[in-house]
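Structure first, commentary second.
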Amino acid sequence: MAELNFSLVIFTLLIGLCTGTFLIYGLGRLRNNSALAAVEKSSLLLMVVLLICLGVALLASATHLGKPFRFMNAFHNPGSMIAQEGLWSMALGVTLLIAALMAFKGKIIPKGLYPVGSLVSCGLLLVCSMVYVKAVGFPAWSSGVTIIYYFGSAILLGAAVVFLFSMLHGEEGTEKNLAFTALTAVFLQMIVSVAFFVHLKFGVMDVTLPTTLGMDLLRWGIGLIAPAVIAYLTWSGKLKGKSVAWSFLACVLVGEAISRVIFFMQGIHL
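For the sequence shown, the UniProt record's numbering gives the first residue as 1, with consecutive numbering after it.
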């Protein structure tokens, strides 16, 4: 069985949360989404939360190498995947910091910053997923499905965070809009999860992968089916209140954490 490194679970989970949240929130603001307009007043809190999560993610990335100074040494080779992760993460950090400073000064975050941050977020997600796609001798990861998996996970995590902020700080009656976005994100990740399962089942022939049926069922129940039910009932008007969004986010976080544990358990070397 592959060695499970929980630092990488934390790193990939928080990177997905940061990038996905900026993508969902930024694209919504560019489209003048009325459900997110009222959330603009809490943009400072949102950007600070994302900055903290990004900082924790980078610390986790540094510790997974065993000796944190190796993370800094990697920048001597800017073309290395670790250096690329660090550079793209810093670019996202600068974007979040600019947005936070403008919000702190009481200014509206310029819309031009959202496409820039969205491109940086996509770049960071691509680099983080390519680390595993390009890893030599790991059949379970060396597929384009890995890239789609990382993007789908980020979108789901981002939708959960934005859904929460809309419920906490948005105007009454706007929850249905974001609930539909959250529901769409869940179904997208369901499709991606099935695609990844098919890849593991029929596309990996050279190694024997560990059985993770119990964890898969747990992940689907907590991380996909439960959020789908919550989002649907909110969208249909049968559920209301801030606790709904907190429950949705909690289920998604637990589900995606389990998903990453499963992902790394499949990292069997040839």
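Positions of the beta carbon are idealized from the N, C-alpha and C atoms, including for glycine.
Taking 9 Å as the cut-off, the Cβ atoms of residue 158 and residue 20 count as close.
In the three-state reduction of the DSSP assignment, residue 141 falls in the coil class. Classified as exposed, residue 52 has fewer than 16 neighbouring CB atoms from the shown chains inside 10 Å of its CB.
When DSSP states are grouped into helix, strand and coil, residue 80 belongs to the coil group. Close CB contacts of residue 42 within its chain, under the 8 Å cut and outside five residues either way in sequence, are with 165, 168, 169 (chain order).
Selection 241, 204, 156, 100 evaluated against residue 255 yields 156 as nearest (Cα-Cα).
Nearest in C-alpha terms to residue 124, of all of 23, 199, 27, is 23. For the set 212, 134, 204, the Cα lying nearest the Cα of residue 80 is the one of 134. At a Cβ-Cβ threshold of 9 Å, residue 118 and residue 150 do not count as neighbours. Residues of the same chain with a CB within less than 8 Å of the CB of residue 104, apart from the 5 flanking positions on each side, are 44 in chain order. Here residue 177 carries a helix assignment [DSSP, helix/strand/coil]. In the displayed model, residue 241 falls within coil according to three-state DSSP, outside both helix and strand. Distances from the alpha-carbon of residue 145 to those of 98, 137, 195 put 195 closest.
For residue 63, the enclosing alpha helix (DSSP H) begins and ends at 43–63. Taking residue 239 as the centre and dropping the five residues before and after it, the same chain places the C-beta of 233 closer than 6 Å to its C-beta, in chain order. For residue 234, the enclosing alpha helix (DSSP H) stretches over residues 226–235.
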